[in-house]
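Using full-length UniProt numbering, read the sequence shown as starting at 1 and increasing by one per residue. I have placed the structure first, in the form of structure tokens, so that the comments after it can refer back to it.
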Amino acid sequence: MRKYPRRLYEVGKTPVQSRSMNHSCYLSNIQTVREELGEDVWSELRESAIGVIVKLKELPYIWSAKVVHHFLANQLAIESSHEIWSLIDDSMPLRFSLYEFGEITGLNCDPFDKHDVWDVDHQEFWLEMNVPTSDGPTLLELQAIFPICRNWPREKRVMIGLLCLLSIGIFGISSNSRIPLHYAKRVMDTAAFQRYPWGRIGFSGLADSIKVLTYKAKKSYTLHGCVHALLT
């Protein structure tokens, strides 16, 4: 009989799904991006470095919190903060790490380039979007721009679309949470955006939110990052 690390929760004592699972990676919000920014922008977003988020919206796909909860409730207790192992049926544990995340999503998960010294003056565009120049935008702020940006140049509408995809599909944060500024500014430089390992960002947010989960004394729990990768 194979030996594995102990279960994070003993058999018979796994958290039941009486608690609500929350996440902010809503595909309905991505559909709104398409409707508000136009098909020309949608096509360009699909071919971007994070275009997998667009392609996911176009698939006949249904989110299942029950399946994801079952995976999380059967975790093994491991020391690595960058891997999640789950023993579903006592036969073979399933691993979910940066490698699996990259294989599933196709996102760039390469190591960060320490020599990638880069910056851009974002203030004029931020003021045009009515976003504080000291922060990245929230999804709510981006959505507020939709009615007034329809006649903006395509390049600016693409940048707004990319910011929406970052908030929804990569960071998976609430609509009133801000995208970190140094990530948000990359939408202004196509080359800098395309070469960035966004997969590492999406995986880190997801893995970190799983590792700090607690089911005690709470009626709900929240996952961040690209949660849909857990279902593939």
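Every residue, glycine too, gets a C-beta built ideally from N, C-alpha and C. All values reported here derive from a predicted model rather than from experimental measurement.
Thinking just about the alpha-carbon of each residue, which of S20, P197 and L230 is nearest to the one in F112? Checking every option, the nearest Cα to that of F112 belongs to P197.
Please go through the segment 55 to 126 and give each complete beta strand (DSSP E) segment of 3 or more residues, from N-terminal end onward. 83 to 86 and 94 to 97
Quick one: is V212 buried, meaning 16 or more other Cβ sit within 10 Å of its Cβ, or exposed? exposed
So, for M1: in the same chain, excluding its five sequence neighbours on each side, which residues have a beta-carbon less than 6 Å away from its beta-carbon? Confidence at M1 is low in this model, with a pLDDT of 47, below 50, so the placement of that residue should be treated as unreliable; the coordinate-derived value is given next. Nothing meets the Cβ criterion.
Roughly how many angstroms separate the alpha carbons of L8 and Y99, rounded to a whole number? Cα to Cα, L8 sits roughly 22 Å from Y99.
Residue 247 versus V131: straight-line alpha-carbon distance, rounded: The structure shown does not extend to residue 247, since the chain is modelled only from 1 to 232, so the question has no answer here.
Per the DSSP calculation, N22 is bridged to which residue(s)? T222
On a CA-only basis, which of L127, Y183, L56 and I210 is nearest N74? Give me that one, please. I210
Pick out the complete alpha helix (DSSP H) segments inside the segment 165 to 225, 4 residues or longer, and give them in chain order. Fully enclosed alpha helix (DSSP H) runs of 4 or longer: 181 to 184, 190 to 195 and 198 to 211.
Three-state secondary structure (DSSP) of K32: Correcting the residue type first, residue 32 is Thr in the shown sequence and not Lys. In the structure shown, T32 adopts helical secondary structure according to DSSP, grouped into three states.
Determine the direct distance from the alpha carbon of Q194 to that of I145, and round the result to whole angstroms. Cα to Cα, I145 sits roughly 24 Å from Q194.
Compute the distance between the beta-carbons of L163 and A192, then report whether it is under 8 Å. no
With a 10 Å radius around its C-beta and 16 neighbouring C-beta atoms as the bar for buried, classify H224 as buried or exposed. buried
What are the partner residues of R7, as DSSP defines its beta bridges? Paired residues: L76.
If you drop the 5 nearest sequence neighbours on each side, which residues of the same chain put their C-beta closer than 8 Å to that of M159? F125, V187 and M188
Can you tell me where the alpha helix (DSSP H) holding D40 begins and where it ends? E39 to R46
Quick check: I168 and N22, are their CB atoms within less than 8 Å of each other? Result no, Cβ atoms of I168 and N22 do not sit closer than 8 Å.
Which stretch, first to last residue, makes up the alpha helix (DSSP H) that contains L139? L139 to I145
Going by beta-carbon coordinates alone, are I84 and F96 separated by less than 8 Å? yes
Between the alpha carbons of E39 and W152, how many angstroms are there, rounded? 14 Å
Using three-state DSSP, classify G136 as helix, strand or coil. coil
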